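A short write-up of the structure that comes next.
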Amino acid sequence: MKGRPGASPWTLFAFAVPSLVLLVLLNLYPVIYAAYQSLRDGSLISAGDFVGIENYVDVLADPEFWASARFTVIFTVVGVFGSWVVGLALAILLKTRIPGKTLFRVLLLLPWVVPVVVSATAWNWLVATPQSPFPVLAQSLGLGNVLFLANPLLAQITVCVFKVWISFPFMMMMMAAALESVDNNVYEASRVDGASRWKTLTNITLPMISRSTYISWILMTIFCVNDFTTIFLLTGGGPVNATQSLVVLAYNTVFLNFDTGPGVAVAFLMTLVLIIISVVLFRQIRKVQIL
Amino acid sequence: MTTAAISSEPGVQPRVGTPTRPKPEPGSRGSWWRFLAILVITLVVLIPIIAVVGLALQPALGSTSTSRFTLENFVTIFRATDVLTWLRNSLTVTLVTVVVSVVVAAPAGYVLSRGRGRLISGFSLVLFVIQSLPVVTAVIPLFILFAAFGLVDTLTGIMIIYVGSTMSVAIWMMAAYYDSIPVSLEEAAWMDGCSVFGGFLKVVLRNSLPGILSTAIFSFLLAWNDYLVALVFLRSNTNFVLPVGLQSFFQQNATNWGLVMAVAVMMMLPPVILFATLNKYFSVGGIGGSLAGS
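Chains as they are written, first to last, in UniProt numbering: chain A, 1 to 291; chain B, 1 to 294.
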């Protein structure tokens with residue numbers, strides 16, 4: 001950028017003041033206060049005594065924390081890669097010549113646009129009770145009485161599939177934007193060289209969109225780890241805590257058991273891991289850029 | 001408007017002709033297979049949404065209506081439930097959030113786009129970290145703070161939180177858009193005696209309609225779709241917004257799916273219409289691009 005006579009740092013600072021005030025009050029203050037609260041044994045209504053890192057020690061010693069951490073990892077890995085694979089495949093498909101593809105693109109975005117509360121209600125109708133269409137279909141296929149949300153493993157699978165369903169449109173948009181920037185002549189050249197479709201994908205397309213791919217993985221990781229609503233609305237963390245992720249555990253600890261300290265401790269431990277993952281992936285992006 | 005303003009600049013190449021499209025595959029048979037594939041995939045993906053609409057239009061339980069589709073579920077929810085109050089609450093909360101978010105984020109994004117140096121990098125890093133923090137963490141201290149100010153169970157309370165949670169991404173999105181507007185445009189305005197703020201308003205902001213729209217759509221979706229904040233902060237039926245209203249209604253009326261789905265349809269219509277009409281303005285690429293550039 002060139003030198004700009006008009007815009008001194010102080011003028012620019014004035015532009016940022018309203019947002020800074022809001023960021024400090026609504027984002028920074030809560031974090032600092034929550035950090036302080038995680039060192040006390042209070043509840044939402046009473047401040048409690050200072051107990052140091054006791055909450056963190058208790059949380060780390062609790063098997064429920066580790067079970068939730070394990071499910072969070074499964075949920076995140078399936079959510080990120082599932083939605084990425086589906087989103088990328090559809091973005092590639094929609095890049096080719098298909099009649100009515102603008103309409104398909106808008107229709108395929110719907111799972112992401114429709115409010116989560118609505119889709120969770122729809123999925124509940126589809127799978128929750130023995131009279132729902134999917135269990136009835138499974139019954140008629142001779143699979144017996146399939147309880148999608150009452151069996152721990154099936155509930156985990158259902159929640160993960162729901163997450164992929166809800167997230168793939170975002171990936172599709174990210175990947176479509178990335179594919180836009182790939183020069184078509186490169187494909188032309190590889191076709192002339194007689195490269196297979198798979199070779200073209202792994203040797204040309206994926207390296208050329210790797211930057212966007214890493215960014216979309218980071219964003220989706222953040223979305224998955226922090227996702228409270230999809231899990232809470234579908235299963236509430238059940239059956240027998242099988243689908244309880246760390247955010248749901250934090251929520252339940254604070255708002256159902258009224259244990260503010262341990263709940264916030266869970267949220268902070270989770271955030272710490274999240275930031276480490278983001279930073280590692282972020283560095284990875286920079287590396288790719290140099291290559 | 002944007003393209004005209006940008007291409008009138010010397011040194012900036014105006015876009016000529018149509019954007020490059022993928023070369024058509026030889027033969028039309030391939031395209032028919034792909035059409036069929038995408039049609040099947042789309043139908044499977046949309047099953048839950050089709051179910052919502054279908055059930056909402058079904059005749060009510062014990063109805064005398066003979067037609068296959070009717071609007072009586074909608075008539076019932078408007079007459080006999082609080083759904084209109086929830087709708088009004090949702091609209092108020094969402095519109096205020098959108099306006100405040102854009103008004104605050106627009107100048108802040110300018111700082112991120114045009115400023116440089118340590119402070120700006122720090123600002124951008126803070127925004128990134130804030131974006132990674134789970135809402136649950138922020139909700140607890142805000143609950144205690146809001147209780148002290150009497151903001152629990154008020155629409156004002158959740159509006160304030162929504163503005164706070166849109167802020168970091170909204171600033172990024174605006175900054176990403178400003179990056180595509182040449183600095184020389186506002187420099188020319190300063191030469192003509194415009195103040196920095198005047199140049200920002202008259203030159204930069206006037207050319208940023210797509211950026212403003214995508215930021216507005218983003219905050220619309222966030223405020224309209226949120227469940228967690230509304231669940232924690234709203235207590236009384238008359239203060240509910242649609243997501244918590246639907247959820248409470250669903251628990252009471254799970255057997256009467258027609259009514260539940262009628263509320264669901266009402267809730268998904270505004271974002272769907274918004275997206276169908278404005279989706280060309282919404283590029284998620286902008287979010288990612290600004291993240292990588294910071």
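We put the CB at the ideal spot given by N, CA and C, even for glycine. The model shown is predicted, which means the values in this text are computed figures rather than measured ones.
Can you tell me the Cβ-Cβ gap for residue i and residue j, rounded? I've got them flagged as a contact below 8 Å.
| i | j | result |
| --- | --- | --- |
| B:F123 | B:T166 | Not quite, the Cβ-Cβ distance comes to about 17 Å (not below 8 Å), so this is no contact. |
| A:L90 | A:L108 | 6 Å |
| B:D82 | B:T255 | About 19 Å; that fails the 8 Å criterion. |
| A:S278 | B:S132 | 6 Å |
| A:L39 | A:V51 | 7 Å |
| B:F143 | B:V232 | 6 Å |
| B:D179 | B:R235 | Contact doesn't hold; Cβ gap of about 43 Å is too wide. |
| B:P243 | B:A230 | 6 Å |
| A:D58 | A:G48 | That belief does not hold up - the Cβ atoms of A:D58 and A:G48 are roughly 14 Å apart, past 8 Å. |
| A:P262 | A:T271 | Rounded, the Cβ-Cβ distance is 15 Å, inconsistent with contact. |
| B:F35 | A:P99 | 6 Å |
| A:C224 | A:G82 | Not really, about 10 Å apart at Cβ, beyond 8 Å. |
| residue 332 of chain B | B:T94 | Any question about residue 332 of chain B goes unanswered here, given that chain B covers just 1 to 294. |
| A:L154 | A:L143 | Their Cβ separation, rounded to whole angstroms, is 11 Å, which puts A:L154 and A:L143 out of contact at 8 Å. |
| B:L55 | B:M261 | 4 Å |
| B:A60 | B:T76 | 7 Å |
| A:M174 | A:S212 | 6 Å |
| A:T11 | B:V196 | 5 Å |
| B:L268 | A:P115 | Note on residue identity: the sequence assigns Met, not Leu, to residue 268 of chain B. Confirmed, about 6 Å. |
| A:P122 | B:I49 | For clarity, residue 122 of chain A is Ala in the given sequence; the question names Pro instead. 7 Å between Cβ atoms; contact. |
Starting from residue i, trace the alpha helix (DSSP H) in both directions and tell me its first and last residue.
| i | result |
| --- | --- |
| A:R197 | 197–200 |
| A:V24 | Element bounds for A:V24: n/a, residue is neither H nor E. |
| B:K202 | Looking at the DSSP string, B:K202 is not in any alpha helix (DSSP H), and its letter there is neither H nor E. |
| B:F233 | 228–233 |
| B:T215 | 209–225 |
| A:K95 | 63–95 |
| B:I140 | 135–149 |
| A:A150 | Taken as a continuous stretch (DSSP letters only), A:A150 belongs to no alpha helix (DSSP H), as it is neither H nor E. |
| B:Y162 | 155–179 |
| B:V244 | 242–252 |
| B:T238 | Element bounds for B:T238: n/a, residue is neither H nor E. |
| B:G258 | 257–278 |
| B:S184 | 183–191 |
Quick one: what's residue i bridged to in DSSP?
| i | result |
| --- | --- |
| A:R40 | A:F50 |
Taking a Cβ distance cut-off of 8 Å, strictly less, list which residues of the stretch 45–57 of chain B are near chain A, in chain order. When C-beta distances to chain A are compared with 8 Å, the residues of the stretch 45–57 of chain B below that value are V45, L46, I47, P48, I49, A51, V52, L55, in chain order.
Note down, one range per segment and in chain order, each alpha helix (DSSP H) of at least 4 residues found wholly within the stretch 98–142 of chain A. List check, alpha helix (DSSP H) in window: 101–113, 116–127, 133–140.
Can you give me, in chain order, the residues of the stretch 103–114 of chain B that have a beta carbon less than 7 Å from any beta carbon in chain A? Cβ proximity to chain A below 7 Å picks out V104, A105, P107, A108, Y110, V111, R114 from the stretch 103–114 of chain B.
Scan the stretch 180–266 of chain A and note each continuous alpha helix (DSSP H) run of 4 residues or more that stays entirely inside, going in chain order. Counting only runs of 4 or more, we get 184–192, 197–200, 210–225, 229–234, 246–255.
Can you give me, in chain order, the residues of the stretch 70–92 of chain B that have a beta carbon less than 8 Å from any beta carbon in chain A? So nothing in the stretch comes that close.
Select from the stretch 259–277 of chain A all residues with a C-beta closer than 8 Å to any C-beta belonging to chain B, and list them in chain order. Contacts with chain B (Cβ-Cβ distance below 8 Å) from the stretch 259–277 of chain A involve T260, G263, V264, A267, F268, M270, T271, L274, I275, listed in chain order.
Closer than 9 Å between beta carbons: that is the criterion. Which residues of the stretch 208–242 of chain B meet it against chain A? Contacts with chain A (Cβ-Cβ distance below 9 Å) from the stretch 208–242 of chain B involve L221, W224, N225, D226, Y227, L228, L231, V232, L242, listed in chain order.
Can you pull out the residues from the stretch 160–171 of chain B whose beta carbon lies closer than 8 Å to at least one beta carbon of chain A? Of all residues in the stretch 160–171 of chain B, only I160, I161, V163, G164, S165, M167, S168, I171 come within less than 8 Å of chain A when Cβ atoms are compared, listed by chain position.
Near-chain B residues of the stretch 113–142 of chain A (beta-carbon distance less than 7 Å), N- to C-terminal order: Residues V113, V114, P115, V116, V117, V118, S119, T121, A122, W123, W125, L126.
Quick one: which residues of the stretch 186–215 of chain A get their C-beta closer than 9 Å to a C-beta of chain B? List them in chain order. Taking 9 Å as the Cβ-Cβ cut-off against chain B, the residues of the stretch 186–215 of chain A that qualify are Y187, E188, R211, S212, Y214, I215.
Curious, which full-length alpha helix (DSSP H) runs of at least 4 residues does the stretch 60–120 of chain B contain? Within the stretch 60–120 of chain B, the complete alpha helix (DSSP H) runs of at least 4 residues are 72–80, 83–114.
Of the residues that make up the stretch 56–76 of chain A, which ones have a beta carbon closer than 7 Å to any beta carbon in chain B? Within the stretch 56–76 of chain A, not one residue has a Cβ closer than 7 Å to any Cβ of chain B.
Residues in the stretch 263–280 of chain B with C-beta within 7 Å of chain A's C-beta atoms, listed in sequence order? Against chain A - using a Cβ distance shorter than 7 Å - the residues of the stretch 263–280 of chain B are A264, M267, M268, P271, V272, F275, A276, N279.
For the stretch 132–158 of chain B, enumerate the residues whose C-beta is nearer than 9 Å to any C-beta of chain A, in chain order. Listed by position along the chain: S132, L133, P134, V135, V136, T137, A138, V139, I140, P141, L142, F143, I144, L145, A147.
Closer than 7 Å, Cβ to Cβ, to anything on chain B: give me those residues from the stretch 242–254 of chain A, in chain order. Result list: V247, A250, Y251, V254.
Of the residues that make up the stretch 118–133 of chain B, which ones have a beta carbon closer than 9 Å to any beta carbon in chain A? For the stretch 118–133 of chain B, the set of residues with a beta-carbon nearer than 9 Å to any beta-carbon of chain A comprises L119, I120, F123, V126, L127, F128, V129, I130, Q131, S132, L133, in chain order.
Which residues of the stretch 220–231 of chain A have a Cβ closer than 7 Å to any Cβ of chain B? Give them in chain order. So the list reads I222, N226, F228, T229, given in the order they occur along the chain.
Return the residues of the stretch 32–49 of chain A that lie within a Cβ-Cβ distance of less than 7 Å from chain B, sorted by chain order. Near chain B, meaning a CB-to-CB distance below 7 Å, the residues of the stretch 32–49 of chain A are Y33, A34, Q37, L44.
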